[in-house]
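Report on one structure; see the data block that follows.
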DNA sequence: CTCTAATCGAGACGGTACGTCGCGTCTTACG
DNA sequence: CGTAAGACGCGACGTACCGTCTCGATTAGAG
């Protein structure tokens, strides 16, 4: 279990045909992830959905994982960058809300990645990248091994976001942020008092 | 992603040869899970490792998943039965410790299931079974959708146990229970005061 | 161009299914050779024609050449055995006629091999095997390098037989034997007087 | 088996770059034919050997066969023109010797064509062209179908020349012509007495 | 303690996806 | 502005594993 999606990121191609091919392949992958598990998806299926030749897939990506990496790896890094401040901020709830809002605004993409067929792989990639980012931070608490803090914090956050995206639109980003903060963030950073009362519809 | 390992449980066979075949197949599966991902494992590989004929596998299990179900499903139910009281108990920490102790005492099996190549599948089966068990309980808190409570509670617990089993022997069941309680259980049940001080080596 | 069909001959299989598979594959090969060149024939085509699975081909033969070897190599050896006496016999015409008669009686097989799409390969295999057979014979004539004698004798004989089989039924084995003897055999062995007059319809 | 190399002959190009491209492509083809079979040769390989771009090949020839046609077809016609007189001449041996001498003087080219990887194809092209040339001649003998005479005469001649070119330099054109005449020409034209004694080193 | 039927190993079978390669066409970007 | 470089759609290659099946040859357990 040592996939590393980041290894697979691609340089921007110069040829216009390559740009097009990558675009349709990425779209096909995302489209298929809404229908089935990552490893039920076949390269032949991706090529067909993308309207490209089978061999063309391999001219761009060596494996399915590579394509998923190209689709997801950068998005994951972006979302993680948004997550880090949570651990530092005086008021961690604000950062948690910012995270949820961002995910809600890109619901289509993150639904495919967190609630679709690649959820497991994307989850692991999140944790893998998070581990790398945290290495140079001070240990937040002596009772909690830093590594476990990362695994739990990242994993539980992803799970809650995935659950939110899977259940549909009937829960707001604020509601989700409040739950996420109370269940995961506060226990980790020891800040449980800052969450505003939901009745105030705070902004 | 709707695997249901419980569907695959098997009745106890009467013929002595069947008993033997299932035993070696189960052992082969667990042994392989320590080396690679569940879906990198091949039925031909399992047969070979078990020292049995390829077709013999199908005489006992219709798919790899069925074998994993036979190996894991009952164990999962047992562990979950141990977990339920946590949510009710006056002192939830005691139940959490009982859970960790039990897992630590069957470290070999649970290492394969929670830290080996089937971690993802076993995790999902845990959540699936937990959802079923919780359905008839009252909603523990109005701020938290019951379904999310199950997903988060089960998932996070499995993650922490998996991390513990993966890192080796250098952390006690007590340490793990304390962390698990503080990070997951207490935020869920609203009981944060009952954890004894580690210095007291409480019994 | 150093194919060696004889390398590819197969032991008789014990399993009844294998016997059947080989039979239909051989038949498919012969059938296709009547329609197109050997290297226009595709393994997928052979499998389809044989009504067998594509992968099954490779369970029996590693290449197309191997299958052709299995079809042809033994037949070639048999025909060559019939050819050798020509060089020794007091009356070489009788042996030549025997050769032509035999080929005429197995017209279907030899049409596929000598006048069909594998003509070139079969021709080379004939020469290759003939070279091996002749090695231990005395040099028939000092003016003619033995090797060239084999190449010419075998090649020209195959050509004439191939021409005969390709043109249809309107020439008898006797006519063909007489031409073959006069054009190829007699110049090689120096016996030009023994051919009976066609008008006598000699027996 | 209906290749027709002559169809592929090319008009002389006017552009100087085109002249160059064709020259290097032709040379590359001949060079590769000394190493491997015609159909083991790849267009990519020809382009690489020629030091030209892959697509450039197609600007000059539509297929490999076309290139081979351009290389060989005219040479074949030339050699055949030299062969025809053999059948008419009073003293056919002189013409046979002329043929061998000519081939010997262009040994490099004819080695590639007759003893290299295209031997089979070139042989067939010889016979095909010869058939066309002979059509308007009177039937040389009633015992021998004209068509078979051509096939045998051309085929056997090519074989003997190919054998000579393949075996190296240690046999003179005279020796070869004498063998060729005795084995092939004389039996065809019924002239067996005119070959001079080799001891006389006739000129 | 036999005999019969279930179970076994071995592995062939029809399928299908894999990743590679060469084809011949068509586009791009460079010199 | 023409040409090399090479991406493209296509389809055959040979490999691997799937799940089904047919074989004898044990071998367990009922009579």
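Residue numbers (this note's numbering), protein chains in the order written: chain A, 11 to 213; chain B, 11 to 213; chain C, 11 to 213; chain D, 11 to 213. Positions of the beta carbon are idealized from the N, C-alpha and C atoms, including for glycine.
**Asked** From C:33, C:41, C:25, pick the residue whose C-alpha is nearest to that of residue 119 (chain C); which is it?
**Response** C:41
**Message:** Against chain C, does residue 158 (chain D) count as a neighbour if the rule is that its beta carbon must be under 8 Å from one of theirs?
**Reply:** yes
**Asked** residue 142 (chain D) by DSSP, collapsed to three states: which one?
**Response** helix
**Prompt:** So is residue 193 (chain A) buried or exposed if we call it buried at 16+ other beta carbons inside 10 Å?
**Reply:** buried
**Message:** Threshold first: 4 residues or longer. Then list the alpha helix (DSSP H) segments lying entirely within the segment 114-175 of chain D, N to C.
**Reply:** 117-120, 129-144
**Prompt:** Rounded to the nearest angstrom, how far is the Cβ of residue 82 (chain D) from that of residue 132 (chain D), given a contact under 8 Å?
**Reply:** 6 Å
**Message:** Cβ closer than 7 Å: which chain A residues qualify as neighbours of residue 130 (chain B)?
**Reply:** 130
**Request:** Return yes when the Cβ of residue 60 (chain B) is within less than 8 Å of the Cβ of residue 38 (chain B), no when it is not.
**Result:** yes
**Prompt:** Along the chain, where does the alpha helix (DSSP H) that runs through residue 47 (chain C) open and close?
**Reply:** No alpha helix (DSSP H) contains residue 47 (chain C), which DSSP labels as neither H nor E.
**Request:** Report the three-state DSSP secondary structure of residue 36 (chain D) (helix, strand or coil).
**Result:** helix
**Own chain, CB closer than 8 Å to residue 11 (chain B), minus 5 neighbours either side, in chain order** = Because the pLDDT at residue 11 (chain B) is just 42, under 50, the model does not fix this residue reliably, and the point stays unresolved.
**Prompt:** At least one CB of chain C closer than 8 Å to the CB of residue 95 (chain D): is that the case?
**Reply:** no
**Asked** Helix, strand or coil: how does DSSP classify residue 181 (chain C) here?
**Response** coil
**Asked** Where do the N-terminal and C-terminal ends of the alpha helix (DSSP H) with residue 61 (chain D) fall, by residue?
**Response** Where residue 61 (chain D) is concerned, there is no enclosing alpha helix (DSSP H), given that its DSSP letter is neither H nor E.
**Asked** Looking at chain A, which residues of the segment 170-181 of chain B have a Cβ within less than 9 Å of any of its Cβ atoms?
**Response** 170, 172, 173, 174, 177, 181
**Message:** Rounding to the nearest angstrom, what Cα-Cα distance links residue 188 (chain A) and residue 111 (chain A) in this structure?
**Reply:** 12 Å
**Message:** So with CB distances below 9 Å, who are the chain C contacts of residue 192 (chain D)?
**Reply:** 153, 154, 197
**Message:** Going by DSSP in three states, residue 25 (chain B) sits in which element: helix, strand or coil?
**Reply:** coil
**Asked** With distances taken between CB atoms, is the gap from residue 124 (chain D) to residue 92 (chain D) smaller than 8 Å?
**Response** no
**Distance, residue 166 (chain C) Cα to residue 160 (chain C) Cα** = 10 Å
**Asked** Contact check, residue 268 (chain A) vs residue 94 (chain A) under 8 Å by CB: the rounded distance?
**Response** Given a span of 11 to 213 for chain A in the structure shown, any question on residue 268 (chain A) remains unanswerable.
**Message:** Using a Cβ-Cβ cutoff of less than 8 Å, which residues in the same chain neighbour residue 56 (chain A) once the five nearest sequence positions on both sides are dropped?
**Reply:** 35, 38, 39, 42, 67, 74, 77
**Asked** What's the call for residue 88 (chain C), buried or exposed, on a 16-neighbour Cβ count within 10 Å?
**Response** exposed
**Prompt:** Taking Cβ-Cβ distances below 8 Å as the criterion, which residues of the segment 72-98 of chain D are in contact with chain C?
**Reply:** none
**Request:** Measure from the alpha carbon of residue 186 (chain A) to the alpha carbon of each residue in B:153, B:117, B:198, then state which is nearest.
**Result:** B:153
**Request:** Verify the CB distance criterion: does residue 24 (chain C) have a CB-CB separation below 8 Å to chain D?
**Result:** no
**Neighbour flag for residue 34 (chain B) against chain A, beta carbons, 8 Å** = no
**Item:** residue 210 (chain D) to residue 184 (chain D) span [Cα, whole Å]
**Value:** With a pLDDT of 49 at residue 210 (chain D), under the threshold of 50, the modelled position of this residue cannot be trusted; read the value that follows with caution. So the two alpha carbons sit approximately 12 Å from each other.
**Burial state of residue 169 (chain B) (16 or more Cβ within 10 Å)** = buried
**Message:** 8 Å is my cut-off, CB to CB: does residue 142 (chain A) come that close to chain B?
**Reply:** no
**Item:** chain C contact for residue 122 (chain D) (CB, 8 Å cutoff)
**Value:** no
**Item:** Host alpha helix (DSSP H) of residue 98 (chain D) (start-end)
**Value:** 74-98
**Message:** If you reduce the DSSP assignment to three classes, tell me which class residue 103 (chain D) lands in.
**Reply:** helix
**Request:** Verify the CB distance criterion: does residue 187 (chain B) have a CB-CB separation below 8 Å to chain A?
**Result:** no
**Prompt:** Between the beta-carbon of residue 130 (chain C) and the beta-carbon of residue 46 (chain C), is there less than 8 Å?
**Reply:** no
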